[in-house]
Amino acid sequence: MKTILITGGTGFIGSHTTVELQKAGYNVVIADNLSNSNENVIDNIEKITNIRPCFIKVDLSKEDECKKVFDKYPNIEGVINFAASKAVGESCEKPIMYYKNNFGIILNVLEQMKQRDIKYFVQSSSCTVYGEPDKLPIKESSPIKEATSPYGHTKQVSEEILKFVTLSSNIKVIALRYFNPIGAHESALIGELPNGVPNNLIPYITQTAIGLRKQLTVFGDDYPTPDGTCIRDYIHVVDLAKAHVVAIDRLINNKNKKSLEFFNIGTGNGFSVLEVIKSFEKTSGVKLNYVIGPRRQGDIIQIYADTSLAEKELGWKAQENLDSMTLSAWKWQLALKK
Ligand code: UD1
Numbered sequence: 001m002k003t004i005l006i007t008g009g010t011g012f013i014g015s016h017t018t019v020e021l022q023k024a025g026y027n028v029v030i031a032d033n034l035s036n037s038n039e040n041v042i043d044n045i046e047k048i049t050n051i052r053p054c055f056i057k058v059d060l061s062k063e064d065e066c067k068k069v070f071d072k073y074p075n076i077e078g079v080i081n082f083a084a085s086k087a088v089g090e091s092c093e094k095p096i097m098y099y100k101n102n103f104g105i106i107l108n109v110l111e112q113m114k115q116r117d118i119k120y121f122v123q124s125s126s127c128t129v130y131g132e133p134d135k136l137p138i139k140e141s142s143p144i145k146e147a148t149s150p151y152g153h154t155k156q157v158s159e160e161i162l163k164f165v166t167l168s169s170n171i172k173v174i175a176l177r178y179f180n181p182i183g184a185h186e187s188a189l190i191g192e193l194p195n196g197v198p199n200n201l202i203p204y205i206t207q208t209a210i211g212l213r214k215q216l217t218v219f220g221d222d223y224p225t226p227d228g229t230c231i232r233d234y235i236h237v238v239d240l241a242k243a244h245v246v247a248i249d250r251l252i253n254n255k256n257k258k259s260l261e262f263f264n265i266g267t268g269n270g271f272s273v274l275e276v277i278k279s280f281e282k283t284s285g286v287k288l289n290y291v292i293g294p295r296r297q298g299d300i301i302q303i304y305a306d307t308s309l310a311e312k313e314l315g316w317k318a319q320e321n322l323d324s325m326t327l328s329a330w331k332w333q334l335a336l337k338k
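Going by my numbering, 80 is the number at position 80 of the sequence shown; the sequence numbering is gapless.
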């Protein structure tokens, strides 16, 4: 049984990926500082899979703490790196914190991997690296535009770091560029748990519907799109989790074609904010209280993925649709209330 270290494994995407890796027969070690998650996620993962992942609470941005993880679990064969600060707005207020944390983590982990000859690394990247696209759907070969936030910049520079690390070591990397991950596990035992007022659309919708927020504001309806609201490629978090299993399998089985590969992980379909609201109202049966407000600064007008490379090379394709995504997010919100 191969052991994979999941940094940030108690978070939204990390927890779902842990479940899918365990189901695929991997042994998982989670390292997380619990800065944006809760330790009871470990119990809930165990409830889903009947396997308790190993867990170590550490701040990976500190060199000695990162080393401790690899000392304690000398059988780690690969790493999936989710651990990072990820709020776009907060990153604009605290850029130094973002650079120290996100680069500290990736550099410390890569250093340990290099010292111990651990070869396989999957990076949590983002469609945010593309900026406002010139052509849609967007391909992996599209140009990387100037970042609009320190958060986005850390994702871009992390990809560059990985480029030079793979050139100078045996480390092989797959960077998955996610579009907009939403939804929750069908068990409603794990899901997205934003701290405080959510920034992202889906948790804002479900919290409004359940009465935690008064009203959703749709940020702008005067964009050059069919209904005037922004368009995104929403992807179910379980589909996304499965893409990580396929990526680590590919590296371990030496199926990768280059030492650094990038893949878009989305559905290939773009949906507007109003379409997402409609889907939510349909699947939940709840009428959503929303108003149209001004545009949000920094929002991209529309972006959705060309996923043909992931389909061809990884044999991976998203299975879920918008309705199943909004329904699972709602079930998770309802379960949180209990
Ligand atoms: C952002 C980040 C992305 C990150 C993702 C998930 C950028 C450009 N994108 O995506 O990298 O992976 O968060 O953390 O930095 N909306 C409303 N009202 C709300 C909230 C959102 O109308 O209260 C709209 C937004 O204007 C947008 C859409 O909903 O059109 C999705 O927004 P959001 O969920 O915040 O994700 P992104 O901004 O696309």
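Glycine included, C-beta positions come from ideal geometry on N, C-alpha and C.
Can you list the residues near the ligand GTP, meaning Cβ strictly closer than 7 Å to any non-hydrogen atom, in the order they appear in the chain?
Of the ligands this structure carries, namely the ligand UD1, none is the ligand GTP.
Three CB pairs or more closer than 8 Å across the region 178-192 and the region 146-159:
no
Cβ atoms of LEU193 and HIS244: under 8 Å apart, would you say?
no
Nearest to LEU327 (by Cα), restricted to the options LYS337, VAL246, THR225 and THR206
THR206
Using 8 Å as the cut-off, can you tell me whether the region 279-297 makes contact with the region 118-138, which would need three or more C-beta pairs spanning the two stretches below that distance?
no
Option in VAL129, MET113 and CYS92 with minimal Cα separation from CYS66
MET113
Candidates ILE118, MET325 and LEU201, of which the one nearest VAL173 by Cα:
ILE118
Exposed or buried, what is LEU167 when buried is set at 16 or more other beta-carbons lying within 10 Å of its beta-carbon?
exposed
Per DSSP, the bridge partner or partners of ASP299
For ASP299, which the question treats as bridged, DSSP gives no partner whatsoever.
Could you check if MET325 is buried or exposed, using at least 16 other CB atoms within 10 Å of its CB as the buried criterion?
buried
Out of GLY14, PHE55 and ASP71, which has the shortest C-alpha to C-alpha gap to ILE80?
GLY14
Where do the N-terminal and C-terminal ends of the beta strand (DSSP E) with TYR178 fall, by residue?
172-178
Start and end residues, beta strand (DSSP E) containing GLN123:
120-126
Is the beta carbon of PRO133 sitting closer than 8 Å to the one on GLY268?
no
Unbroken alpha helix (DSSP H) runs of length 4 or more, entirely within the region 255-321: which are they?
273-284
Using DSSP bridges, identify the partner residues of HIS236.
ILE182
Output needed for ASP299: all residues of its chain with C-beta closer than 8 Å, excluding positions within five of it in sequence on either side, in chain order.
PHE219, GLY220 and CYS230
Residue interval of the beta strand (DSSP E) (run including LYS57)
54-57
Could you tell me whether the Cβ atoms of GLY9 and ALA84 are closer together than 8 Å?
no
Does the Cβ of ARG295 have 16 or more other Cβ atoms within 10 Å, making it buried, or fewer, making it exposed?
exposed
Return the bridge partner residues of ASN81 from the DSSP annotation.
THR7 and GLN123
Please list, in chain order, all residues of the same chain as GLY104 whose beta carbon is under 7 Å from its beta carbon, the five residues on each side excluded.
SER61
Who does PHE219 pair with in a DSSP beta bridge?
GLY293
Are the CB atoms of GLU320 and HIS236 nearer to each other than 8 Å?
yes
Between the Cα of LYS343 and the Cα atoms of THR17, ARG250, VAL19 and LEU21, which residue gives the shortest distance?
No answer is possible for residue 343: it lies beyond the span of the chain, which begins at 1 and ends at 338.
Could you tell me if VAL129 is buried or exposed, where buried requires 16 or more neighbouring beta carbons within 10 angstroms of its beta carbon?
buried
State the Cα-Cα distance for the pair PHE271 and LYS68, rounded to the nearest angstrom.
44 Å
Out of ILE265, LYS278, ALA329 and ALA335, state which residue places its alpha-carbon closest to the alpha-carbon of LYS317.
ILE265
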